[in-house]
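**Student:** Numbering (the UniProt record's numbering), first residue to last: 1 to 322.
Spelled out as structure tokens, the structure:
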């Protein structure tokens with residue numbers, strides 16, 4: 001089996017190398033790089049023009065605005081003109097260019113039905129079941145396999161804002177991170193009566209008091225324990241059907257949870273035939289290149305290696321539930 005997987009990976013890599021070496025692909029890659037770099041420069045130029053116009057107006061009044069217009073025509077207009085030539089009427093930011101134009105075709109070389117898109121289509125209500133309570137949820141970059149499991153994964157950042165007032169009456173606002181990681185969605189292979197929600201909890205070393213802001217016990221839910229003491233210390237289990245819940249929480253599943261405790265805070269929500277899993281990893285998958293240097297280094301082969309590693313992890317992480 002391991003030998004078959006190794007050969008399959010080598011075949012994939014060789015196929016990717018051949019595609020990248022083709023003149024047709026290199027031409028497309030150069031255009032994509034130029035578009036991404038133009039987006040970066042255009043953003044910087046707009047900021048510089050606004051700041052420059054304000055400063056020139058402050059120093060020279062309306063003459064300063066004239067100077068700003070001349071400088072804009074000399075330095076900014078050529079960039080604007082080239083941007084219009086490349087993009088035509090399309091408005092593609094770097095997230096779309098990188099995720100949907102660059103990464104998604106690589107995914108299709110691995111899973112022909114797979115795709116990547118910037119805006120996820122996850123329903124918010126079940127996502128909230130596997131995340132700490134928050135007020136703002138921002139999902140991005142969904143990878144969908146479109147396989148028999150209907151497996152998808154997206155990045156998620158959830159936060160709330162705290163306001164405070166100092167002794168002088170000055171109010172400040174602080175953004176507090178509630179969740180930063182990934183949420184998985186997949187088809188649960190066996191019909192599940194009601195729902196089960198398994199969420200992480202932490203306890204202080206001295207008081208053994210639970211510290212968490214995940215939603216607690218809800219109406220019609222039961223809180224149950226398992227025979228796994230370690231699991232009971234690190235997770236709370238809420239369900240509407242105790243028999244179905246205990247049937248799901250077999251030794252293999254409990255061992256899976258114990259293994260993932262050390263790696264990240266993991267939560268699960270199952271209802272009917274849908275399953276959601278969250279991992280608080282502290283990072284985002286498939287980050288968009290932020291500098292010209294990083295864009296120049298874009299390589300189909302190198303991105304394939306990173307993408308394949310992430311896909312292998314996702315498949316291994318969810319394999320137990322298939």
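Glycine included, C-beta positions come from ideal geometry on N, C-alpha and C.
Would you tell me roughly how many angstroms separate the C-alpha atoms of residue 289 and residue 246, rounded to the nearest one?
**Tutor:** By one-based count along the chain shown, residue 289 stands at place 289. By one-based count along the chain shown, residue 246 stands at place 246. C-alpha separation (whole angstroms): 45 Å.
**Student:** Can you tell me which of the three DSSP states residue 316 falls into?
**Tutor:** Sequence index remark: in the chain shown, residue 316 carries index 316 (1-based). DSSP places residue 316 in helix when its eight states are reduced to three.
**Student:** Classify residue 159 as helix, strand or coil using the three-state DSSP reduction.
**Tutor:** Your numbering for residue 159 matches position 159 in the chain shown. It is a strand residue.
**Student:** Between which residues of its own chain and residue 124 is the CB-CB distance below 7 Å, once the five residues before and five after are set aside?
**Tutor:** Start at 1 with the first residue of the chain shown, and residue 124 comes out as number 124. Counting only Cβ-Cβ distances below 7 Å, and skipping sequence neighbours, we find 137.
**Student:** Cβ atoms of residue 215 and residue 273: under 8 Å apart, would you say?
**Tutor:** As a working mapping, residue 273 is identified with position 273 in the chain shown. As a working mapping, residue 215 is identified with position 215 in the chain shown. For residue 273 and residue 215, no; Cβs fall outside 8 Å.
**Student:** Helix, strand or coil, according to DSSP, for residue 174 in the structure here?
**Tutor:** As a first step, residue 174 must be located in the chain shown, where it is residue number 174. If DSSP states are grouped into helix, strand and coil, residue 174 belongs with the strands.
**Student:** If you follow the alpha helix (DSSP H) that residue 272 is part of, which residue opens it and which one closes it?
**Tutor:** Within the chain shown, residue 272 is the residue found at index 272, counting from 1. It is not in any alpha helix (DSSP H) - residue 272 instead sits in the beta strand (DSSP E) that spans 265-280.
**Student:** Just confirm the distance between the C-beta atoms of residue 184 and residue 276, as a whole number of angstroms; I'd bet it's less than 8 Å.
**Tutor:** The sequence position of residue 184 within the chain shown is 184, counting from 1. The sequence position of residue 276 within the chain shown is 276, counting from 1. Correct: roughly 7 Å between the Cβ atoms.
**Student:** Drop a sphere of 10 angstroms on the beta-carbon of residue 135, count the other beta-carbons inside from all chains shown, and report buried for 16 or more, exposed for fewer.
**Tutor:** In the chain shown, residue 135 corresponds to position 135, counting from 1. When all chains shown are included, residue 135 counts as exposed.
**Student:** Return the first residue and the last residue of the beta strand (DSSP E) that residue 223 is part of.
**Tutor:** Here the question's residue 223 lines up with position 223 in the chain shown. Note, residue 223: beta strand (DSSP E), 222-224.
**Student:** Helix, strand or coil for residue 298, going by three-state DSSP, please let me know.
**Tutor:** The count along the chain shown starts at 1 and reaches residue 298 at position 298. Residue 298: coil per DSSP, three-state reduction.
**Student:** In terms of DSSP beta bridges, what is residue 28 paired with?
**Tutor:** Position 28 of the chain shown, counting from 1, holds the residue named residue 28. Answer is none; residue 28 lacks a bridge partner.
**Student:** With 16 other CB atoms within 10 Å as the buried threshold, where does residue 320 fall?
**Tutor:** Indexing the chain shown from 1 puts residue 320 at position 320. It is exposed - the Cβ of residue 320 has fewer than 16 other Cβ atoms within 10 Å.
**Student:** So, do the region 87-106 and the region 244-260 have three or more beta carbon pairs nearer to each other than 8 Å?
**Tutor:** The answer is no - the region 244-260 does not touch the region 87-106, with fewer than three Cβ pairs under 8 Å.
**Student:** Should residue 179 be labelled buried (16 or more other beta-carbon atoms within 10 Å of its own) or exposed?
**Tutor:** Within the chain shown, residue 179 is the residue found at index 179, counting from 1. Buried: at least 16 other Cβ atoms inside 10 Å.
**Student:** Thinking just about the alpha-carbon of each residue, which of 225, 311 and 155 is nearest to the one in residue 284?
**Tutor:** Counting from one through the chain shown, the residue named residue 284 turns up at place 284. Ranking 225, 311 and 155 by Cα distance to residue 284 puts 155 first.
**Student:** Whole angstroms are fine: how far does the CA of residue 301 sit from the CA of residue 13?
**Tutor:** Residue 13 sits at position 13 when you count from the first residue of the chain shown. Residue 301 sits at position 301 when you count from the first residue of the chain shown. Computed Cα separation, rounded: 7 Å.
**Student:** Residues in its own chain within less than 6 Å of residue 264 by CB, not counting five upstream and five downstream?
**Tutor:** Taking the first residue of the chain shown as position 1, residue 264 is located at position 264. Correct list, in chain order: 279, 280 and 281.
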